[in-house]
Amino acid sequence: MSPTALLWAYALAIVFVGSLPQLPSWSELATFGVVILAPVLILPGRGWLSVPFIATLLGAGWGLWHNQHALEQRLPLSAHGANFLVEVQVVSLPWPSLTESAFDEAAATSSVRFSVRVLRVHGRDLSPPLQGQLLDLTWYSIDEGVLTQLRGGSLWLLPVRLKPPRGSVNPHGFDYEGWLLRRGVYATGYVHPQVQPPQYLGLQPGIPALRHWLRDKLLETAETRGELLSALLLGDRGGIDAGDQRLLRETGTAHLLAISGLHVGMVTGFFMLVGGLLGRAIGICTGATPRGVTLLFALSASLIYTLLAGAPLSAQRALVMTWVLLLVWQWRRRISSGFAYALALALVLTIQPLAFYGAGFWLSFIAVGALLLGFRGRQYLCQAHKRGGRLLGSTAGLLRSQWLVTVALLLPSLVFFSGFSPGGLLLNLIAIPWLGFLVLPPLMLGVLLLVTPPGAWCINFAAWQLDALMHFLGGGHNLLPSWQILGPPAEVGLLVLSALGAVLLLLPPGLPGRNLGWLLLLPPLLPFLPRVGEGEWLRVTVLDVGQGLAVVVHTPRQRLLYDTGPISGSGWSAGREIIVPYLIGEGVLALDTVVVSHGDRDHAGGFAGLAESLPVAHLIAPGRLERRLGEKARRTSPCVAGGEEILGDLRLRWLWPDSTDITGEENDHSCVAVIEWHGVQILLAGDVPAEVERQLAKSYPLSGPVDLLLAPHHGSRSSSSNALIAWAAPRRVVFSAGFRHHFGHPHPDVVVRYAASGAALFSTAKSGALVFTWMRGAGAPLVEVARAAPRFWYADHTDGADAEWRLSRRSQLW
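The sequence shown: position 391 = 391 (full-length UniProt numbering), numbered continuously.
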């Protein structure tokens, strides 16, 4: 068997093991190996057949060992919320953000998020040891003087409160928990100065300190766009303002400032050019060949750039692929492109066995594969050379490269990002070479000459070009159509045909049947084609927003959002980070109605981030809250008992508050609504207390049992009274709460009360997001649980007590 096939067998085995919903044991893997290898080895003269199986077992064994080790190197659940005193080194570049004193008001104090490496633990340690581990921390309300000392490379004695690396799990959402696992983060937490004052211990020279110094010099030297230059050079995106982030996101060009293969490749190409020029000069003087000098410059530049960028997972992957391609370039007659491709794949998965969970992994390898396929034989370039010489050939090659990558990534963009903007494709055709030829080369040259006047001029030239590029993107965003193609369609067969069409279009021109690719590629990309599921259905999604609430109610024609989740003290917004990705993934680019039940930040905090990203047609909120948020929606109205809204097949009946004149406690005036759809009743009650529940039970009889109840106040002891349960008679109850949050929701007494009523109980803290789908006339809903996704780290990171509770009450789903 060829070496290329063996590399593929090894790599695919790593992917297979990492894709399992639960990791196998070593005994299971050994048994599998014996069963597979024994028949092959006993055949006389057929021992060579065992080679691919051995490669497969090696890949599976490496993937299993790495993944088990990664799971073991996490803070145990028994230490959740424990305090530690640790000596640490800051290994990231901290950026401050305004701490929110309320959901729409910024306070004067700052908070900062940063990563540290633990050097020493004062007092007790854990198993696995905390020493040597990576932590992601937040420092709330940090003093300005302390902030100036919190630099990359700085040493600190910090009191910290830690929790296991766990995150929200939502459809179409960012897998924060998996991202932490791939980075090797032991725990997350925050600095706890009330336990002991933090102490600055000095600055340790090294790459983190160098990165911080470079950031300071860039911000000091650049006359404009210094924060964007820092993102390009150092992978430091914390300083990019919200307006620029939104522009990049809406134009589909956010990848331009995310260190990836594009950037590593461009930097490598620039230094190959520099190395080639120097190599020729050296060759003239010494008679040596310039190829070795060029290779040395390219290898060194790509490594240094990756280290300066903080060596994120995407840059590590790009570095491996770049080095393999450089080796192919050096020994191009002895290494086939197919072998090099398989070697890069195997090396990336050896270094990062879980890399395939990131969209960047697939986009990178698909793009490189498209280039290899499209330039196979290089006939296209040879014809261009003959017609117009080297310049025309190079230009044709560049344009064809852009074309190949664009076609290859259309379908993956639909799959990974739930759509793409045709206008963004056009902008990228100009923005990518602009960045590659006019921004990155002078920036890299300026860094080499940083402390000299020519260095300052180069950096400012890069800054001016970057500023011009941002203005170009802004103008293009205003001129080009803003519509998006959403997907992917649910038909697997159609996706397979579309992928086949893309492959045909990537083949060199002139091959018979190539243009048939258009007929196969386009159907999933056309926005007017009907999608699967256009029947009569109601879908209620309770998103996992931690300690907060966000419920999306939609039918094929209507979209309603009840509450917008929390905003954190560090500026993280559930509206922007969880609700918007979910809605876009579901093909929703505008909201018909948003209900903000009351002004507590765990219900209203995400509204600003949501409204910045998606238009809101109608906002409904209690009186004073309606006035505070009204400017962010086209139309507003208060929720008042006795009123109702008709949204197509949906009917909203308002049961509370009883007046628009609201004073006192926010919870007491939460918007309470019954949503009715073809006999299905959904009760949304905000944070109303037991006293309000009793008034509702007396004043508003229901037509029958409630099919789904969102437990008031997250299952707090002050709510979910016996009166409410008897009145609503809920069939299903959802507690939207944070995992092991200090509020302790839901309260055990509340759980017992609901369980005694016979209701099925659900919790976002245990299950992640919950999706309930009713088909008209079908009776009980289909229930989808986000944490049931096949991710082995979800299965591993459960609480034993919770599992025991589930087993003892099988009718409950958590």
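Don't be surprised by glycine CBs; every beta carbon is placed ideally from N, CA and C.
Among the options, the one whose alpha carbon lies nearest that of residue i
i           : options                        : result
Leu295      : Ser27, His554, Thr322          : Thr322
Leu511      : Val674, Val542, Gly374, Ala590 : Gly374
Val752      : Ser716, Gly548, Ala769, Pro94  : Ser716
Pro657      : Ala463, Pro689, Lys163, Thr306 : Pro689
Arg559      : Thr138, Pro730, Gly587         : Gly587
Asp668      : Leu684, Ile646, Glu691         : Glu691
Ser25       : Leu411, Leu137, Val185, Trp65  : Trp65
Gly338      : Gln352, Val348, Val368, Leu363 : Val368
Gln695      : Gly238, Ile675, Leu655, Gly679 : Leu655
Pro351      : Ala9, Ala370, Phe437, Leu319   : Before going further, note that residue 351 is Ile rather than Pro in the sequence given. Ranking the options by Cα distance to Ile351, first place goes to Leu319.
Val680      : Ser699, Arg651, Leu614         : Arg651
Arg576      : Gln245, Leu770, Leu480, Ser413 : Gln245
Leu12       : Leu57, Arg166, Leu23           : Leu57
residue 820 : Pro442, Gly423, Pro509         : Given a span of 1 to 814 for the chain in the structure shown, any question on residue 820 remains unanswerable.
Terminal residues of the beta strand (DSSP E) in which residue i lies
i      : result
Ala728 : No beta strand (DSSP E) holds Ala728; the alpha helix (DSSP H) holding it covers 722 to 728.
Phe735 : 732 to 735
Lys163 : 154 to 163
Pro638 : 635 to 638
Cα-Cα separation, residue i to residue j
i           : j      : result
Pro712      : Gly642 : 20 Å
Val118      : Arg653 : 55 Å
Ala38       : Leu345 : 29 Å
Thr564      : Glu665 : 19 Å
Gln199      : Val88  : 11 Å
Ala617      : Phe472 : 30 Å
Arg634      : Trp727 : 36 Å
Asp236      : Tyr341 : 30 Å
Ala468      : His714 : 49 Å
Glu72       : Gly63  : 14 Å
Gly292      : Leu257 : 31 Å
Leu327      : Pro3   : 17 Å
Val540      : Ser767 : 15 Å
Ser78       : Ser719 : 29 Å
Ala456      : Glu220 : 10 Å
residue 815 : Leu425 : It is not possible to answer for residue 815, since the shown part of the chain is limited to 1 through 814.
Trp518      : Leu495 : 14 Å
Leu7        : Ala55  : 8 Å
Gly609      : Glu676 : 29 Å
Own chain, CB closer than 7 Å to residue i, minus 5 neighbours either side, in chain order
i      : result
Gly623 : Pro638, Thr660, Asp661, Ile662
Gly738 : Gly546, Gln547, Ala765
Val267 : Ala301, Ser302, Tyr305, Leu440, Met444
Leu147 : Pro96, Ser110, Val112
Leu428 : With the sequence shown as reference, residue 428 is identified as Asn, and Leu is not the correct amino acid for it. The residues are Gly252, Thr253.
Pro128 : Glu72, Gln73
Ala222 : Leu229, Ile459, Asn460, Ala463
Alpha helix (DSSP H) segment containing residue i, residue limits
i      : result
Thr221 : 207 to 221
Gly623 : 623 to 629
Trp457 : 453 to 479
Arg182 : 176 to 183
Leu64  : 50 to 72
Arg791 : It is not in any alpha helix (DSSP H) - Arg791 carries neither H nor E in the DSSP assignment.
Ser718 : Neither: Ser718 is in no alpha helix (DSSP H) and is coded neither H nor E.
Proximal residues to residue i (C-beta, below 6 Å), its chain only, five neighbours per side dropped
i      : result
Met775 : Trp537
Leu507 : Arg514
Leu733 : Position check: residue 733 holds Val in this sequence, whereas Leu was assumed. Excluding sequence neighbours, Val733 sits near Leu709, Ala711, Tyr754, Ala759, Leu761.
Met272 : Thr294, Ala298
Ala685 : Val672, Pro712
Gly377 : Reliability of the predicted coordinates at Gly377 is poor, the pLDDT of 49 falling under 50, and the value obtained from them is presented with this limitation in mind. The answer is none, since no qualifying residue turns up.
Phe103 : For Phe103, the predicted model reports a pLDDT of 46, less than 50, meaning its position is unreliable and no value from the coordinates is stated.
Pro208 : Val91, Gly152, Gly153
Whole-number beta carbon distance between residue j and residue i, since they are thought to touch under 8 Å
i      : j      : result
Phe743 : Pro21  : Not confirmed; about 31 Å, so no contact.
Ala590 : Pro556 : Wrong, their Cβ atoms sit about 15 Å apart, outside the cutoff.
Ala502 : Leu410 : 7 Å
Val121 : Leu135 : Val121 to Leu135, Cβ: 11 Å. No contact.
Ala756 : Ala723 : Contact doesn't hold; Cβ gap of about 14 Å is too wide.
Leu201 : Leu157 : 6 Å
Asn83  : Arg161 : 5 Å
Cutoff 8 Å; reference residue i; Cβ partners in own chain excluding five residues on either side
i      : result
Leu578 : The sequence as given places Ile at residue 578; Leu does not occur at that position. So the list reads Ser168, Asn170, Gly173, Leu543, Asp544, Val545, Ala550, Gly565, Gly606, once near-sequence residues are dropped.
Gln204 : Gln89, Gly153, Ser154, Leu155
Gly474 : Leu247
Residue i beta carbon near the ligand SAH (any heavy atom closer than 8 Å)
i      : result
Arg237 : The model on display carries no ligand, and the ligand SAH is accordingly not part of it.
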